[in-house]
Each structure stands twice: as C-alpha cells, then as structure tokens.
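Student: Before I ask anything, let me first share the structure, which is written out below as structure tokens.
Residue numbers (my numbering): 50 to 272.
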C-alpha cells in the first residue's frame, strides 16, 4: 500500500526519500536516513526497526547489498517486508519478500532505488526512477518529481492519504522533514509544503550553527 524512492545526490552527498500511501502517517514508520551513511525504506507490513539496523551495517562500512543481506538473512517474517537501500557510493539494494502485497514492483537507477506494493500497475517504480533521473533543480525538487511521476503512472491501486519527504545532509538531524499524515491530496499538499520550506531551509541550518549571523526571522516583532 506504498510507493517510495530512496536517493543520493551525487553533487552534495545528501540522502533523501519520498513516499506515499493509503495508510496514515506513512513517513513516520517507513523513512530511515542517516547523514553520511545512506537511506532505507522499510515498507509493506512494516517493521520500522529494520531501517536503523541496515543503516548501522552501512555505518560499519558495508555496502548497501552487503548490509541488506546481513539484516535479511534468516530473519523472522522477512517475506512480509519490502526494503530499499542506497549507500554513500550510490550503490542500491532491494528486498521484496514473497508475501509482499498485491501488484508490487522494484526498480533501480543511478543513485536511486524505487519500489512499491498494492500498486495500480508494475510500471510505477520505474516511473519514479525516470522522474528522479530527469528531474531538474535542487535535490528536493527531483525527489518530488519522482513522487509525482509515480502518482501519474498509477500510484497505489486505491487513493493515497499520506506522503512524506526527508533529506539529510552533513548534520545529525534532517535539513528537511516534511509530512502530510492524512489528506485527500497528500502529494499535492507535500509539494506545496516543500515550495514554502525550501527557500528557508538554509536559514534554519544557519540558525542552528551560528544564529548571530543568521537571517532575520521574518515574523511580526522581529527587528
């Protein structure tokens, strides 16, 4: 009941992920990123604990395929899980178990991997790859292009109600973490939130690192 993409920006080293689902608050359970390490989507009958485990393996120096193999080997209920992984070298790996729901698909591209379950058709994952690879502008714009492409290709078999986008850079905390937890048009709402947030993103980082030289807050009473 989900379609998603994990990606690395080859120019900045940022990692990002976009996701949408008919379930509420999908990004709260399925999105796992770590600056300097990689990105993991843990979806379909979701076990949120798997994402950090894969990231831990990559933090110890394993590639995405090696980390995924280490975590999925002999693990209980792994046939119910779908995992997408990208590492710091842009290598990707995907696990789609035998119990993944409905029409499911997976695809890999340059610095990205996509997958989904309970999809409208098997072409959704490749459409997301194409959307990311041909997208223009900042990393977040390309992530959103992937999500829009997945929706345009059919998306989930039923209507989606939640969506999210997360980006990590060089800091321990995400530079962008946007979620639409319940909406009749979550991808459109997420795109609108990104358009508001992106112009301010660098300023929020600067306020954390050195507020004495950060731009003004732009709110009533701020001088």
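Yeah, the Cβ is synthetic: ideal placement off N, Cα and C, and Gly gets one too.
Let me check understanding here. Comparing Cα to Cα, which of 253, 50, 58 and 258 lies closest to residue 159?
Tutor: Among 253, 50, 58 and 258, the Cα nearest to that of residue 159 belongs to 58.
Student: Name the DSSP beta bridge partners of residue 135, please?
Tutor: In the DSSP output, where bridge partners are listed per residue, residue 135 has 88 and 141.
Student: Excluding the 5 residues flanking residue 210 on each side, which residues of the same chain have their C-beta closer than 8 Å to its C-beta?
Tutor: Within the same chain, residue 210 has close Cβ partners 70, 71, 72, 73, 231, 232, 233 and 235.
Student: Would you call residue 212 buried or exposed, if buried means 16 or more other Cβ atoms sit within 10 Å of its Cβ?
Tutor: Flag for residue 212 reads buried.
Student: The alpha helix (DSSP H) spanning residue 178 covers which residue range?
Tutor: Counting along the chain, the alpha helix (DSSP H) containing residue 178 begins and ends at 173-183.
Student: Please classify residue 223 as buried or exposed, where buried requires at least 16 other C-beta atoms within 10 Å of its C-beta.
Tutor: Residue 223 comes out buried.
Student: So, for residue 202: in the same chain, excluding its five sequence neighbours on each side, which residues have a beta-carbon less than 6 Å away from its beta-carbon?
Tutor: Excluding positions up to five away in sequence, the list reads 172, 173 and 176.
Student: Name the DSSP beta bridge partners of residue 220, please?
Tutor: DSSP, once it has assigned bridges, lists no residue as partnering residue 220.
Student: Helix, strand or coil for residue 236, going by three-state DSSP, please let me know.
Tutor: Correct three-state label for residue 236: helix.
Student: To the nearest angstrom, how far is it from the Cα of residue 90 to the Cα of residue 263?
Tutor: Cα to Cα, the separation comes out at about 34 Å.
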